Amino acid sequence: MASNIPHLEENINYIKTPKQPPSSFEAQDCGVPVTDVSSFTHVEFWHPPPSSFSCHGRTRRNANSVLIPSQKTQLARQPPFIVFFPTIHNAPLPAEGPGNDSFSNIVLVGLIIGVPWFLARLVGGGIKTKIVFGLITLLPTLIGYWSFKSAFSPRINEHAKLPGRPVESYITFKDATHKAKWSGRSKIPIQTFSEMYVDGKVDANGDILDVLEYRHDWSNFSFTLDLFKFIFGTFGPDVLLHTKDQDMEQIRPNYDNGNDHYAWFLGPRMIYTSGIISDPTREETLEELQDNKMAVVCEKLELKEGETMLDIGSGWGTLAKFASLNYGAKVTGITIAENGAAWGNDVLRKAGIPEEQSRILCMDYRDAPKVKYNKISQLEMGEHVGIRKLTGFFRQCYDMLEDDGLMYVQLSGLRQAWQYEDLIWGLYLNKYIFRGADASTPLWNYTRSLERAGFEIKSVDTVGVHYSATLWRWYRNWVGNRAEITGKYGQRWYRIWELFLAWSVIASRQGSATCFQILVVKNLNATHRINGIGSQFGLSGALAKSKAAGKNALPK
Numbered sequence: 001m002a003s004n005i006p007h008l009e010e011n012i013n014y015i016k017t018p019k020q021p022p023s024s025f026e027a028q029d030c031g032v033p034v035t036d037v038s039s040f041t042h043v044e045f046w047h048p049p050p051s052s053f054s055c056h057g058r059t060r061r062n063a064n065s066v067l068i069p070s071q072k073t074q075l076a077r078q079p080p081f082i083v084f085f086p087t088i089h090n091a092p093l094p095a096e097g098p099g100n101d102s103f104s105n106i107v108l109v110g111l112i113i114g115v116p117w118f119l120a121r122l123v124g125g126g127i128k129t130k131i132v133f134g135l136i137t138l139l140p141t142l143i144g145y146w147s148f149k150s151a152f153s154p155r156i157n158e159h160a161k162l163p164g165r166p167v168e169s170y171i172t173f174k175d176a177t178h179k180a181k182w183s184g185r186s187k188i189p190i191q192t193f194s195e196m197y198v199d200g201k202v203d204a205n206g207d208i209l210d211v212l213e214y215r216h217d218w219s220n221f222s223f224t225l226d227l228f229k230f231i232f233g234t235f236g237p238d239v240l241l242h243t244k245d246q247d248m249e250q251i252r253p254n255y256d257n258g259n260d261h262y263a264w265f266l267g268p269r270m271i272y273t274s275g276i277i278s279d280p281t282r283e284e285t286l287e288e289l290q291d292n293k294m295a296v297v298c299e300k301l302e303l304k305e306g307e308t309m310l311d312i313g314s315g316w317g318t319l320a321k322f323a324s325l326n327y328g329a330k331v332t333g334i335t336i337a338e339n340g341a342a343w344g345n346d347v348l349r350k351a352g353i354p355e356e357q358s359r360i361l362c363m364d365y366r367d368a369p370k371v372k373y374n375k376i377s378q379l380e381m382g383e384h385v386g387i388r389k390l391t392g393f394f395r396q397c398y399d400m401l402e403d404d405g406l407m408y409v410q411l412s413g414l415r416q417a418w419q420y421e422d423l424i425w426g427l428y429l430n431k432y433i434f435r436g437a438d439a440s441t442p443l444w445n446y447t448r449s450l451e452r453a454g455f456e457i458k459s460v461d462t463v464g465v466h467y468s469a470t471l472w473r474w475y476r477n478w479v480g481n482r483a484e485i486t487g488k489y490g491q492r493w494y495r496i497w498e499l500f501l502a503w504s505v506i507a508s509r510q511g512s513a514t515c516f517q518i519l520v521v522k523n524l525n526a527t528h529r530i531n532g533i534g535s536q537f538g539l540s541g542a543l544a545k546s547k548a549a550g551k552n553a554l555p556k
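Quick note on the UniProt record's numbering: the sequence shown kicks off at 1 and runs consecutively.
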């Protein structure tokens, strides 16, 4: 990789987010509805315009058609039909894979206990022999059961019809051995494909996002030996440790890639978290999505002029800038990334925000100044804390928050009813993108940790589809900057992030991953909960209030 240069904003050339290229694959009847537009009661009814092919006997266009509004008439509710929203990358094949419905922890525990017991009986051994056999057979039993279930479990349902195209219609192998092994209807494990794609051993026949949309037709989600090596050799030890030195070693190199690396997909706002859709019937720009999100954060926090705000994991300082300019807050941002801190302070000063009002500090969150703040925000930083240390981290936040303060927490989440693809995708991210980030969990784990730390949950919003819309724009920016990226960082680095962004567009849209926005107050008898009624709203209400006050966009 090229040496890191801490670019500041004036050194970056941004591009306009490119359009998604047309699909390389002929659309077929998928057998399931994609979107029931009549469920969106806050928008007009929409109908697909005339088109060149049909699905379910109804016309549709390509996967990114722009809809035209029907007349404002009250229509009887129709059965779900195929319709496309221009703000997201719509799924041409929303198929289900195998998942936890066919996985049994009881059976797994039975095998872990039963196998050594059976072997000990064969040799006539006692309890010590059982323990020895248990230690010897533990990993083989875990690997064997997970491998078998991931390879042979049926799909959760068979409603979606797969096109049945041969593997080679989607991807091209460069080695004859691989061509012979995976061809026709012999599907390749998606984890194996991801490693081969990164290493340049296989190419996608078209746009990689487009190819991944049809992954159920050409890949499977079986666990491989390489995956287990990563789980037991790297991921497991990382989960157990999470020391300050380890976090510094793993996180700083990631976020201290050149600022240009991130600018090439994040765009001018330089925000590495989900934006918010305000209008699903048009394609808002990436900058609009991010301004929407910052407005929502500030409104949910009831941020007022002169209040102090701590932004943990402040990235490149954009939220600090937004809160300072639009709401008059005094913001202290904390980031472990030296480049991000330099960038953030630079943009604050250039925006006319003095250091005595707002600043970005480069430090570990555990070293944050031990003072009280009116408001605290943390946007997708908690994942790096580690699942074992999450409650302690929230307790630290509790101690830094005024008793009548508010804290906004945004965390990446996973669905409880998982599918094997979800786990493989998550491990790819952990290996290549977010090393050491293991705290993405279902919602219940976050709320439990917050409540154990002394907080009361005021509101929760799930914004997975908003994240998908954001990622889709990031992906297109990344592809649009391919020449610059490969020129500096190389083809392999480009493909690692290309695959991450493309796959994440799908994962966030289909529910494999999501993002939770959680607003909390201290759970004290003296907390005046009545004061918060005026801000007890969801995304639309928060954004509407910000727009009404003219605070919903960064000043140009």
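Note that CB positions come from ideal geometry on N, CA and C, so glycine has one too.
All figures in this text were calculated on a predicted structure; none of them were measured in a lab.
Excluding the 5 residues preceding and the 5 following residue i in the sequence, name in chain order all residues of the same chain whose CB lies nearer than 6 Å to its CB.
i: H466; result: S274, I276, I277
i: A470; result: For clarity, residue 470 is Thr in the given sequence; the question names Ala instead. Cβ within range, chain order: S274, G275, L289.
i: L310; result: T332, Y373, I376
i: F393; result: V385
i: P18; result: R476, G480
i: S459; result: L519
Quick check on the DSSP output: the beta strand (DSSP E) that includes residue i runs from which residue to which?
i: K350; result: K350 -> not in any beta strand (DSSP E); alpha helix (DSSP H) instead, spanning 338-350.
i: residue 572; result: The shown model of the chain, from 1 to 556, leaves out residue 572, and the question about it has no answer.
i: E287; result: Premise fails: E287 lies in the alpha helix (DSSP H), 286-300, not in any beta strand (DSSP E).
i: T335; result: 330-335
In chain order, what residues of the same chain have a beta carbon less than 7 Å from the beta carbon of residue i, not counting five sequence neighbours either side?
i: P79; result: Reliability fails at P79, whose pLDDT of 37 lies under 50, so the model's placement of it is uncertain and the value that follows must be treated cautiously. There are no such residues.
i: T224; result: P189, Q191, T192
i: T129; result: A120, V123
i: R452; result: T391
i: T486; result: Y494
What is the DSSP secondary structure of residue i, reduced to helix, strand or coil?
i: T523; result: For the sequence presented, residue 523 should be read as Asn rather than Thr. Note: N523 maps to coil in three-state DSSP.
i: Y14; result: coil
i: Q517; result: strand
i: K304; result: coil
i: V32; result: coil
i: V463; result: coil
i: K19; result: coil
i: G99; result: strand
i: L429; result: helix
i: M400; result: helix
i: P410; result: Note that residue 410 corresponds to Gln in the displayed sequence, not to Pro. Strand, per DSSP.
i: G126; result: coil
i: I68; result: Any reading at I68 is ruled out, since the residue's pLDDT is 36, under 50, leaving its predicted position unreliable.
i: R509; result: helix
i: N62; result: Residue placement at N62 cannot be trusted, given a pLDDT of 41 that sits under 50; the coordinates are not used to answer.
i: N259; result: helix
i: S535; result: helix
i: S546; result: helix
i: R395; result: helix
Assuming contact is defined by CB atoms lying nearer than 9 Å, are residue i and residue j in contact in what I supplied?
i: W264; j: N481; result: yes
i: L539; j: N552; result: no
i: Y262; j: T308; result: no
i: Q536; j: V463; result: no
i: S324; j: S377; result: no
i: V297; j: L319; result: yes
i: L209; j: A160; result: no
i: F103; j: S147; result: no
i: M270; j: G313; result: no
i: F500; j: G206; result: no
i: T87; j: E302; result: no
i: K389; j: G454; result: no
i: Y420; j: F230; result: no
Less than 8 Å between C-beta atoms, sequence neighbours within five positions excluded: which residues of the same chain meet that for residue i?
i: residue 617; result: Since the first and last residues shown for the chain are 1 and 556, residue 617 lies out of range.
i: Y145; result: V107, L108, L111
i: S232; result: It should be pointed out that residue 232 corresponds to Phe in this sequence rather than to Ser. Cβ within range, chain order: L139.
i: G306; result: G328, A329, K330
i: T527; result: D403, D404, E456, V521
Kindly indicate the opening and closing residues of the alpha helix (DSSP H) around residue i.
i: N108; result: Note that residue 108 is Leu in the sequence shown here, rather than Asn. 105-123 is the extent of the alpha helix (DSSP H) around L108.
i: A553; result: No alpha helix (DSSP H) holds A553; DSSP gives it neither H nor E.
i: D226; result: 225-230
i: Y272; result: Where Y272 is concerned, there is no enclosing alpha helix (DSSP H), given that its DSSP letter is neither H nor E.
i: residue 574; result: No answer is possible for residue 574: the residues shown for the chain start at 1 and end at 556.
i: G236; result: 236-240
Completely contained beta strand (DSSP E) runs for the region 136-217, where each covers 3 or more residues:
171-173, 202-204
3-residue-minimum beta strand (DSSP E) runs that sit fully inside the region 361-388, ordered along the chain:
373-379
Going residue by residue through the region 436-502, where are the continuous alpha helix (DSSP H) segments of at least 4 residues, counting only ones entirely within it?
443-452, 464-480, 482-489
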